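In our numbering, the protein residues as written are 852 to 1124.
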């Protein structure tokens, strides 16, 4: 049975979706993803991670399509080791970083630019983030990097709610804000999301939008879930994120991505039959 999956592009979030909160990849997900690609389909990630933080999972899964990184800020081809598409932050983003450092000196700040991650303000969260995602942050230069893809702030959820209210009170200089986890709050270029980037990736690959499916688990996945004709979430996703998806699957740790691939196979088989 090789035909049911053909001409499909499946996009998966990484954290809390393809891998568990402890960084473990359910074996079902690996097996299903590799089988999916062996049947002639495309599989890639859409993540808030940096290029470096995505690389080990791209290699482990053997993705056969470029991946969306920085929550839609870039599309990176790991086979060619190059960025195919990128939307930078406005040049004024450094003013926001300076204001946050002044008013929230305890909040961690990471700046993502190209394949590098710069740490503009360190705390326990930035240290844990780098360790868990497998990247080594660089010290931020006095002049903030040009062409940054996003800025990530890290602290307790309660502290980030205060920070979010502060950022919302500022004049918007051309950015979007989103929580990518309870302890990560991000600024992205205006209009950027995983959903927008999926459309661009599908065009680059020559895939019709009706043949794109996705799975994600958090608020930074909302636009992606809304943009795909087949969208799914693991069982643990917040209720309002579950409502944005067309399908709720089993728990992440049991292999929710494998659940979706099996669903796609059944759906295509029924259509062909």
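Using N, Cα and C, we set each Cβ at its ideal position, and we do this for glycine too.
Quantities reported herein were computed from a predicted structural model and do not represent experimental measurements.
Between the beta-carbon of residue i and the beta-carbon of residue j, is there less than 9 Å?
i, j, result
"residue 1078", "residue 1050", "yes"
"residue 896", "residue 912", "yes"
"residue 1038", "residue 940", "yes"
"residue 1058", "residue 858", "yes"
"residue 902", "residue 927", "yes"
"residue 1048", "residue 1076", "no"
"residue 916", "residue 894", "yes"
"residue 1067", "residue 1086", "no"
"residue 920", "residue 900", "yes"
"residue 1016", "residue 1030", "no"
"residue 1116", "residue 878", "no"
Using only CA atoms, which one of the options lies nearest to residue i?
i, options, result
"residue 942", "967, 933, 960, 1001", "1001"
"residue 876", "1015, 964, 910, 928", "910"
"residue 1081", "1114, 1057, 1053, 1089", "1114"
"residue 1008", "998, 991, 976, 990", "976"
"residue 1097", "870, 1088, 951", "1088"
"residue 905", "885, 932, 972, 861", "932"
"residue 869", "1111, 1020, 1116, 1118", "1111"
"residue 1036", "981, 1056, 892, 961", "961"
"residue 934", "965, 953, 955", "965"
"residue 922", "989, 1053, 963, 1107", "963"
Per DSSP, what are the beta-bridge partners of residue i in this structure?
i, result
"residue 963", "968, 1001"
"residue 861", "894, 1064"
"residue 927", "918, 934"
"residue 866", "870"
"residue 990", "970"
Checklist line | Every unbroken beta strand (DSSP E) inside the stretch 1034-1106 [3 residues or more] | finding: 1035-1040, 1063-1066, 1081-1084
Notebook entry, point to check: With a cut-off of 8 Å, do at least 3 Cβ pairs link the stretch 944-959 to the stretch 1025-1040?
Noted result: yes
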